[in-house]
Every structure is written in structure tokens, then in C-alpha cells.
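Undergrad: Okay, so the sequence shown: first residue is 17 according to full-length UniProt numbering, each after it adds one. One structure coming up, written as C-alpha cells, with questions to follow.
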Amino acid sequence: LADDGSRLWLKYDLIKNKNVQSAYAKYNSIIIPSKKTPTIEKALEELQIGFKGLLGKNLTNNSKNNTTGGIKLEITNKEELTKDSPEDSFAIIVQKDNLTITSKTETGVLYGVFELLRNIQTEKIITKNIVSSPKVKLRMLNHWDNANGTVERGYAGSSIWKWNELPFRIDPRYITYARANASLGINATSINNVNASSRFLTAEYLEKIKAVADVLRPYGIKVFISVNFRSPRTLGGLKTSDPLDTDVRKWWIEKTKEIHQYIPDFGGYLVKANSEGEPGPQDYGRTHADGANMLAEAMKPYNGIVIWRAFVYNADPNGDRFKEGYEQFKPLDGKFDPKVIVQVKNGPIDFMPREPFHPMFGSFPKTKLGIEFQITQEYLGQSTHLTYLAPMFRECLDTDTYANGKGSTVSKVIDGSLYNSQMSLMAGVANTGSDANWCGHPFNQANWYAFGRLAWNHELSSEDIAKEWIGMTLTNNNNAKEKINAIMQKSLPTYIKYTYPLGLHHMMGEGHHYGPEPWLTKAARPDWTSIYYHRADSIGLGFDRTGKVSNAIKLYSKEIIDTWGNPDKCDLNYLLWFHHIPWSKKLNTGNSLWEELCYRYYSGVEETKNLQKEWNEMKPYIDKETYASVMARLKIQEKEAIWWRDSCVLYFKEFSKMPIPNNLILPN
Ligand code: GCW
17 LADDGSRLWL
27 KYDLIKNKNV
37 QSAYAKYNSI
47 IIPSKKTPTI
57 EKALEELQIG
67 FKGLLGKNLT
77 NNSKNNTTGG
87 IKLEITNKEE
97 LTKDSPEDSF
107 AIIVQKDNLT
117 ITSKTETGVL
127 YGVFELLRNI
137 QTEKIITKNI
147 VSSPKVKLRM
157 LNHWDNANGT
167 VERGYAGSSI
177 WKWNELPFRI
187 DPRYITYARA
197 NASLGINATS
207 INNVNASSRF
217 LTAEYLEKIK
227 AVADVLRPYG
237 IKVFISVNFR
247 SPRTLGGLKT
257 SDPLDTDVRK
267 WWIEKTKEIH
277 QYIPDFGGYL
287 VKANSEGEPG
297 PQDYGRTHAD
307 GANMLAEAMK
317 PYNGIVIWRA
327 FVYNADPNGD
337 RFKEGYEQFK
347 PLDGKFDPKV
357 IVQVKNGPID
367 FMPREPFHPM
377 FGSFPKTKLG
387 IEFQITQEYL
397 GQSTHLTYLA
407 PMFRECLDTD
417 TYANGKGSTV
427 SKVIDGSLYN
437 SQMSLMAGVA
447 NTGSDANWCG
457 HPFNQANWYA
467 FGRLAWNHEL
477 SSEDIAKEWI
487 GMTLTNNNNA
497 KEKINAIMQK
507 SLPTYIKYTY
517 PLGLHHMMGE
527 GHHYGPEPWL
537 TKAARPDWTS
547 IYYHRADSIG
557 LGFDRTGKVS
567 NAIKLYSKEI
577 IDTWGNPDKC
587 DLNYLLWFHH
597 IPWSKKLNTG
607 NSLWEELCYR
617 YYSGVEETKN
627 LQKEWNEMKP
637 YIDKETYASV
647 MARLKIQEKE
657 AIWWRDSCVL
667 YFKEFSKMPI
677 PNNLILPN
């Protein structure tokens, strides 16, 4: 049977490798703690279906402690997990005839079970103890799913949440969703779009959300709701939603209490306010801190928190959107309630294929900052182009902000270690949908997987994550694994070459954000056009963000200004983010800007052809349906790479007035 991808990476197909089979053959029973909680039940169930599928073994549920061949699930304070190890850390302890999966929490035990199964599924024989701890506390998916079943920037069908069926029918997908997330350590999800409908706060919807929360709870996943700031008016019939108004505050206190009657362990609120037309505290002359703190006050009696997004910008044709989030929030550093996390996109504009890290990271020592990545590929080929995003996530997390001297990487800002913060958050905008394979492009599943793995441990390499995913999803043949990993590693640089080389950004078609539209001069807002960003003219190309035009570079530390701020030292991948470079200026590759631009667009297209050749060689290792689906998409990708290349090169040629060089060195 062809694989339709619906099982994600949790396939549990029979392992054919004899060594792996025999290494795990000795296990025949599971010993669970005396208190069988719903989460322990899930851990037991997962272990049983995993062993049955992968090894063809029925594990019995044994109550005896001193049995041989037992896998013991235990909640304890083992020394492997030191006293102050983070919540949900776990250890897999290998004894002579037994194996113990231990954690201080039941969710940690479940995570340990998934780790064991991952090892078996990727044909690894565990011989040494494994100890694993999450680096970030809140590892979260943000759904941009609407009440009517559509998904904003969703490219894999409609919403997975069937609001019309809930709370009565529980779609089996909710359980697969919970298992998939738990297998990665994802422990929170906001179920609706940040462009939020107040409807999600009505009793009718709270009952539906409760049903979802009940399914996710045993898997250690907390539910959050995105809220519309104007709800006191639209739902409560109040005259205002002013966060300093007593009745408004009371309304949120009551609403928060009501939510907890449905969902006692409610995760909290996620808020997009005063951004792209959404209502917010500024409508009443108040600040983001006033708004967030009001919600935090309502949350005071509970464990929940408030996540407030920093994605804000003005439609100022003479301003620089790059600086606006920073500038609006900087005066509020230190003013947020301890229950508030400010969620910042990885880059200052909007999930572009390559962005410098957001300058807020490292500049807000008194505010808890979380990071938001986009897993759904709004600007990254949606569900037709193959782009593996772990290298992009890593590039951002690994960049040094120099905030507290060398080594102050973005990851240290967001995992709380730089400022010794007790709360930390990594969020990813989900790419799930109703498609049979959940994510559209078969390789898009890898981005959900990679996000989750990095949220748990941002030190994992993008190669290791890719190989794990390939082993679980596509093939365990080592040679094929290496080659597919190589395809994945190349995919993002290739995509960037034929779309946004050298630090170009925001030149996509209006509205759908898919193909190229560098000539876009008029849009609903000046900062939604393309010319606002690329600034092509007869002299050169790129947005000068040094002193002369916007000086956004000043938002970074001195060390960054010294490199990115200097056109001769700036990494070419970021060049046009910060500089307006003359067409004929020689770059350190030996090419002029114009030649380098053409070279990248043209070689990007060539590389899409190579991807097809390389994928073709993988045919013997991949099931038919997945192989064909990826191959067809790679063909679309080549066609559209040409579309991007020709649109951009011919458009910029109008400004450079230079011919397309015919001596471009192209890869074969
Ligand atoms: O990337 C942009 C998208 C909007 C989105 C917005 C945001 C949810 O084009 O569709 O709205 O960002 O992050 O709020």
C-alpha cells in the first residue's frame, strides 16, 4: 500500500534490521507506577503499539517489579535527574535485563517513551543511559485557524479543528496530533488565529475548546486561546475595551474565571493587538503593557500566562518597519507583569526566507521574550517548494547578539539563561491542515518535526534532526539517508538564491505572498509594496539601514554594527538588508553586485534541476506515492524558480542597465 503520510513520523512499521530486532527482543513487559494516571496510560499504550508495530512484540502490563525483560515507567527523583533539572526531563536507564524510563513528571515519562521508540524506529540500539532535558519551558504551536474552518496562511487544506462537530465528535486526528506533538516535547498550543474572532470566548466555543483540551491534556499539552482585544465590547456589550476601565477589567476577570470552569489548566491568552488593523490598547491611548497587564491581572489566581505579540508596525512611507516593533516596545521594558511573555518574530520584518535576528533580542533585559518562528511556509514556497527550515531556525538561534558580551546568542536570550528568567517560550506557526498528509508537501512534515525538536533542545544539529526524521518517515537506508539529508540541507540556500538572494526581502505577490512581484509600487499600505524594501534605482539596490536613511543598524550591539553595518565586511547573505550597493561595486566573490545577483538567480534555477536528479536516485528507497508527490512538486519548483529568476532579473535590469552576463559560472 502506498503511504499517504497520515501517520506522520509515528509510523511504527516493522523493522527489518535483524540486529535491532534482536537487541530489543528481550523486552516483554511493562511495569507502570501504582497510580495509573491518564498520562501514564498513554505512555503504556504508546509503548505497546510501538513495540507491536516496530518489533512485532506484545508487551504485557506487568505489576511485578523484579521481572527480567521489563520496561519500567517510574516517577521518581533519580540522581540521573539532578534536583534542579527542568520540568519534564527524563532518563532512560539501561540495566542488564531491564530498562527504566524515569522522570519527575508523568509527562516526562511519556517523553521518555517516545525517545525510546524514536531510537528503535531509527534503528539505534541503546547501550548507554540517555538523559534529556528541555531547554525552553513553553514549546508551543500557534494555529492561525479560523472559526469557519479556513486557515490563514495554511497550505494543507482546511483547519484540523472541526468546530461544527465539536464538542460531540472527537476527530481521531486530534489524538494523532497530540501524539505527534508529545513525541517532540511540544507542550502548548493556541488553537485559533491571532487575527482573532471574539467567538472563541463564547460559552458555545468554550465547550468545544474544552473537548479539545480534554483530548490533549493526557499528552501534556496545554491549550491557549488567541483573543480579540475588543471582546468586552463585542461580547460583553460594554461601551469600551479600555484596559484601564474598571468594568473592562472586571469583564476579563469574569471571562477568565469562566474559561477555567471549562479548562482548569488553561494555558492562557495569546494576543495580537494594534497590529495590521487588530484592536488593542492604543485605541484608547494606552500602551501594550497596559493591555497585557490587565489580562495578567485576570490570570492572577491561576497558572496561566499572557503572551503578547510584538509584531507591530506603522504604515509610514518614510519610516523603516525594521525599527518599529523595537521602538514601540523599548519604553515598556520592565513594565510588563511577571505573567507576561512578549512574543517576537525571529526577524524584524515578517518571516522572510532569510532575516537578520530581531534587534529586540538582547535589548530587553527586563522583559521575558519568547521567539516566534513560522513553520507554515508563507514566503517559503508554501506547499510546492521543498525548503527544510531547521537551518534557518538554527541560523537565528545561533547568532550572537553580544548583549552581555560574546556568546550572548539569541537562543540564550529566549531560553532564559542570559537574563536568568524562569519563563521561556518558543512558538511556531503551525503548518497543519486537513490534507491526508497533514502538511501538503511531504517534506513540510519535517519542518513541524524540526521545530519541535529544536524547541526541546536548540543545540541539536539540523543534520541530526533531518536524519532522524528521514529514518522515521522515509527510509532507514544509510546511504539514502545521507543523500536525502544533503537534499534537505541544500534546499533553503537554493530557494533563497532564486527568490531573495543577497539579503533582498519582501518582493512577493500582493495578498497571496507566493510568486514574485518586485514591481509592486502600490498596495493598501506603503510598507506592503516591494519598492519600499528593495529600493532599486539607477545607482544600485538594497535598503540602506546605516546612518544615511534609517539607521536601524544602531539597534544592534557594536560588534554587529562593525560587521553588518560595514558593506565590505557584511555577510553577503545579509548585504541588501543593510546597504544600498552600487550595481558595479565589486563584492568579495570577485563579481560585481549585478553579476553576483544574476549568478545567484541563475544558479538557483540550476540547483532545482539537480534536486530532481538527486531525488530520482532515491526512487528505490521511497514509497511510490511520496516519491511521485515530491518529484511532481520539484518540477513545479523548477518552473517557478524560472518565474522568480526572470521576473527579478529582468525587472532589476531596468535599473542596472547592464546586460545579463554570459560568462556566469554555473554548476553542472
Ligand atoms: O506574516 C503576516 C501574515 C498575516 C499574519 C501576520 C501576523 C496572522 O501575512 O497573515 O496574520 O503576519 O503574524 O500577525
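Beta carbons are placed, not taken as given, at the ideal position from N, Cα and C, and that holds for glycine.
Under 6 Å Cβ to Cβ from S672, same chain only, skipping five residues before and after it: list those, please.
TA: Cβ within range, chain order: W599, W610.
Undergrad: So Q461 is in the alpha helix (DSSP H); what residue range does that whole segment cover?
TA: Taken as a continuous stretch (DSSP letters only), the alpha helix (DSSP H) holding Q461 covers 460-472.
Undergrad: Let me check one thing: in DSSP terms, what residues is Q359 bridge-paired to?
TA: According to DSSP, Q359 bridges with R325, G386.
Undergrad: I think G350 touches I321, with their Cβ atoms under 8 Å apart; what is that distance to the nearest whole Å?
TA: Rounded, the Cβ-Cβ distance is 18 Å, inconsistent with contact.
Undergrad: Is it buried or exposed, R616, if we count other Cβ atoms within 10 angstroms and call 16 or more buried?
TA: R616 should be labelled buried.
Undergrad: So the candidates are K153, K34, N309, I569; which of them puts its Cα closest to the Cα of D431?
TA: Taking only the C-alpha atoms, the option nearest D431 is K153.
Undergrad: Just confirm the distance between the C-beta atoms of R134 and M488, as a whole number of angstroms; I'd bet it's less than 8 Å.
TA: Sure, about 7 Å apart at Cβ, within 8 Å.
Undergrad: Any idea what DSSP makes of P683, helix, strand or coil?
TA: For P683, the predicted model reports a pLDDT of 44, less than 50, meaning its position is unreliable; a value from the coordinates is still stated below. Looking at P683 - three-state DSSP - the assignment turns out to be coil, as it is neither helix nor strand.
Undergrad: Which value, in whole angstroms, describes the spacing of the CA atoms of D19 and A471?
TA: Computed Cα separation, rounded: 28 Å.
Undergrad: Does the Cβ of T262 have 16 or more other Cβ atoms within 10 Å, making it buried, or fewer, making it exposed?
TA: Exposed is the call here.
Undergrad: Are A194 and L157 closer than 8 Å when you measure CB to CB?
TA: Their beta carbons are not under 8 Å apart, which means A194 does not touch L157 by this criterion.
Undergrad: Could you pull the start and end residues of the alpha helix (DSSP H) that I569 belongs to?
TA: It is not in any alpha helix (DSSP H) - I569 carries neither H nor E in the DSSP assignment.
Undergrad: Which class does K602 belong to by DSSP, given the choice of helix, strand or coil?
TA: Note: K602 maps to strand in three-state DSSP.
Undergrad: Rounded to the nearest angstrom, what separates L254 and W267 at their Cα positions?
TA: Roughly 9 Å separates the two Cα atoms.
Undergrad: The beta strand (DSSP E) that contains V210, what's its start and end?
TA: From DSSP, V210 is part of no beta strand (DSSP E); its letter is neither H nor E.
Undergrad: Compare the C-alpha of L557 against each of K384, S645, C664, N197 and name the closest.
TA: Ranking the options by Cα distance to L557, first place goes to C664.
Undergrad: According to DSSP, N77 sits in a beta bridge with which residue or residues?
TA: Per DSSP, I46.
Undergrad: Throw me the rounded Cβ distance for the K499 and E641 pair, which I believe falls under 8 Å.
TA: About 20 Å separates the two Cβ atoms, so there is no contact after all.
Undergrad: For N78 versus I47, is the C-beta spacing smaller than 8 Å?
TA: Closer than 8 Å, so yes.
Undergrad: I think T605 touches G581, with their Cβ atoms under 8 Å apart; what is that distance to the nearest whole Å?
TA: About 20 Å; that fails the 8 Å criterion.
Undergrad: Would a C-beta distance cut-off of 8 Å place I289 and P297 closer than the cut-off?
TA: The sequence shown places Ala at residue 289, rather than the Ile named in the question. Yes, the Cβ-Cβ distance between A289 and P297 is below 8 Å.
Undergrad: Enumerate in chain order the residues of its own chain whose CB-to-CB distance from L666 is below 6 Å, with the five nearest sequence positions on each side excluded.
TA: Cβ neighbours of L666 beyond the five flanking positions: none.
Undergrad: From this set, A59, I275, K238, which residue's C-alpha is nearest L132's C-alpha?
TA: Cα-wise, what sits closest to L132 is A59.
Undergrad: Here's a check: name, in chain order, each residue in its chain whose Cβ is nearer than 7 Å to the Cβ of N420, leaving out the five neighbours to either side.
TA: Here the set comprises L434.
Undergrad: Would the C-beta of V231 count as close to the ligand GCW, meaning under 7 Å from any of its heavy atoms?
TA: Answer for V231: no, Cβ out of range of the ligand GCW.
Undergrad: For the ligand GCW, is there any heavy atom lying closer than 7 Å to the beta carbon of R169?
TA: Yes - the ligand GCW has a heavy atom lying nearer than 7 Å to the Cβ of R169.
Undergrad: Identify the residues that DSSP records as bridge partners of K88: which are they?
TA: According to DSSP, K88 bridges with I47, T116.
Undergrad: What is the C-beta distance between F389 and T415, in whole angstroms, given that I count them as a contact (C-beta under 8 Å)?
TA: Incorrect: roughly 14 Å between the Cβ atoms, too far for contact.
Undergrad: Which residue wins for smallest C-alpha separation from A163, given the options A172, R155, E181, K151?
TA: Nearest C-alpha to A163: E181.
Undergrad: Just to confirm, are residue 698 and T138 a CB contact at a threshold of 8 Å?
TA: Since the first and last residues shown for the chain are 17 and 684, residue 698 lies out of range.
Undergrad: Name, in chain order, the residues that DSSP records as bridge partners for N158.
TA: DSSP, once it has assigned bridges, lists S206, V445 as partnering N158.
Undergrad: Ignoring anything shorter than 3 residues, give me the beta strand (DSSP E) runs that lie fully in the region 210-247, in order along the chain.
TA: Listed in chain order, they are 238-243.
Undergrad: Indicate, with yes or no, if the ligand GCW has a heavy atom lying under 7 Å from the CB of N211.
TA: Checking every heavy atom of the ligand GCW against the Cβ of N211, one is found closer than 7 Å.
Undergrad: Which partner residues of residue 727 appear in the DSSP bridge assignment?
TA: Any property of residue 727 remains undetermined from this structure, which presents the chain solely from 17 to 684.
Undergrad: Quick check: the Cα distance between D104 and M310, rounded to an integer number of angstroms?
TA: When rounded, the distance between both Cα atoms is 31 Å.
Undergrad: Find the nearest neighbour of F459 within the set I576, S119, W631, judged by alpha-carbon distance.
TA: Answer by Cα proximity: W631.
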